[in-house]
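Residue numbering for the sequence shown follows my numbering, starting at 8 and increasing by one per position.
So the structure is just underneath, and the comments pick up after that.
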Amino acid sequence: MQRIFSGIQPSGIPTLGNYLGAIRNWVGLQGDHECLWCVVDLHAITVFQEPEALRTQTREMAAVLLACGIDARRHILFAQSSVRAHAQLAWIFNCIARLGWLNRMTQFKDKAGKDRENASAGLYVYPNLMAADIHAYHATRVPVGDDQKQHLELANDIAQKFNHDYGVDFFPAIEPLILGPAARVMSLRDGTRKMSKSDPSDQSRINLNDDADTIALKIRRAKTDPEPLPEHVGGLDGRAEARNLVGIYAALAGTDHAAVLGTFGGKGFGPFKEALAALLIDKLAPIAAEARRYLADPAGVDAILRDGASRAAAIADPIVAEAERLVGFLRP
Ligand code: AQP
Numbered sequence: 008m009q010r011i012f013s014g015i016q017p018s019g020i021p022t023l024g025n026y027l028g029a030i031r032n033w034v035g036l037q038g039d040h041e042c043l044w045c046v047v048d049l050h051a052i053t054v055f056q057e058p059e060a061l062r063t064q065t066r067e068m069a070a071v072l073l074a075c076g077i078d079a080r081r082h083i084l085f086a087q088s089s090v091r092a093h094a095q096l097a098w099i100f101n102c103i104a105r106l107g108w109l110n111r112m113t114q115f116k117d118k119a120g121k122d123r124e125n126a127s128a129g130l131y132v133y134p135n136l137m138a139a140d141i142h143a144y145h146a147t148r149v150p151v152g153d154d155q156k157q158h159l160e161l162a163n164d165i166a167q168k169f170n171h172d173y174g175v176d177f178f179p180a181i182e183p184l185i186l187g188p189a190a191r192v193m194s195l196r197d198g199t200r201k202m203s204k205s206d207p208s209d210q211s212r213i214n215l216n217d218d219a220d221t222i223a224l225k226i227r228r229a230k231t232d233p234e235p236l237p238e239h240v241g242g243l244d245g246r247a248e249a250r251n252l253v254g255i256y257a258a259l260a261g262t263d264h265a266a267v268l269g270t271f272g273g274k275g276f277g278p279f280k281e282a283l284a285a286l287l288i289d290k291l292a293p294i295a296a297e298a299r300r301y302l303a304d305p306a307g308v309d310a311i312l313r314d315g316a317s318r319a320a321a322i323a324d325p326i327v328a329e330a331e332r333l334v335g336f337l338r339p
């Protein structure tokens, strides 16, 4: 059985984008893989987080993952900072990765924006930590959104260089798993930007804990254009907001853009938005209710994370100890 590692940042409440691009696919992979699901708080602090908010968000993220169907008994759910091996291996990888490789990473350019000089050093070496997350477990498959493909290529380059420099065949190659029809969900306010949990505008996203009224209002206010929906998929070209809403409907209904346009094409956005809101509420309300049930017992969620961390460390510690031996650290 192949081992999977994937992570999600506790940098806010998880969104519909996180759900359709990642979490929903994770749940489906649990049947035939050995899975490690990680709330990546070390990654989250590459951008400043209020300490109390970070603690709360880490617990909330775990609760939402459990509510979505992540199975913490048969698999492992834990917070990244609780397993020291991630940071230990990341330092070694900081010394393996080349500046030229990191300079090509488009996510750093996107996230640092125009104010690069003021971005944290952690944001710059974020891909090295991500490589360590995966290689610390000798995981070979990583389900991610398509925006993360470049980071996985870098993780493979790091593994190859480590193996080459130390004359070993220690870190295996990893394979990205890009799943699902809605690989990229876009902002409700701007169809050219991805939906993000840290977007300053709450109206730009559906949060997995939004109640029915909030979902309905956000969809009603979602940006569109004055034309009716097209009857054919080609008519979505140049209409980023319409394409995004149709894509969300298709992903939630388990169908494709053409089938959605078969029903709603030629009509105005009004009835389509009403149907989309009803579908979202139908799919997301049970998740929000289940997450609330978990969060009513915060100590219970913390106990699940603690148990996950000790099982994760039992896998990662010997692998990272061997990497340290290969590098030449003396363990007197
Ligand atoms: N809009 C999206 N559409 C599809 N997939 C998405 N993912 C994130 N946003 C979308 C996928 O969710 C997984 C976890 O992401 P993350 O929390 O580690 O970081 P992120 O990609 O930076 O997500 P956010 O929501 O945009 O967080 P912030 O706002 O903190 O930067 C990944 O597999 C990602 O591809």
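Here a beta-carbon is modelled for each residue, glycine too, at the ideal position from N, C-alpha and C.
- Looking at the backbone, the Cα of L72 and that of I30 are separated by about 7 Å.
- Cβ contact annotation for I288 (same chain, cutoff 8 Å, sequence separation greater than five): A219, I222, A223, in chain order.
- Taking non-hydrogen atoms of the ligand AQP into account, the C-beta of R191 is found less than 6 Å away from one of them.
- Going by beta carbons, A266 and G198 fall outside the 7 Å limit.
- Take G14, set aside five residues on each side of it, and the residues of its chain with a beta-carbon closer than 8 Å to its own are W44, C45, V46, V47, H50, Q87, M137, D140, in chain order.
- Annotated as proximal: L236 and G272, with beta-carbon spacing under 7 Å.
- Pairing I11 with L36 gives a Cβ-Cβ distance under 7 Å.
- Here E41 has M8, R10 as same chain residues with Cβ atoms under 6 Å from its own Cβ, once five neighbours each way along the sequence are excluded.
- Around the beta carbon of N216, a 10 Å sphere encloses 16 or more other beta carbons of the protein chains shown; the residue is thus reported as buried.
- For M193, DSSP records a beta bridge to K201.
- For the 7 Å CB-CB criterion, H142 and A166 form a contact.
- The alpha carbon of P17 has as its nearest neighbour, out of D176, A330, S203, the alpha carbon of S203.
- When V334, R227, R299 are compared, the shortest CA-CA separation from A285 is found for R227.
- Of F115, L184, R200, K121, the smallest CA-CA separation from G129 is found for F115.
- Bridge pairing for G14: C45 [DSSP].
- In the assembly as shown, P21 is a buried residue. Its beta-carbon has 16 or more other beta-carbons within 10 Å.
- Within a 10 Å sphere around the beta-carbon of T231 sit 16 or more other beta-carbons, which makes this residue buried.
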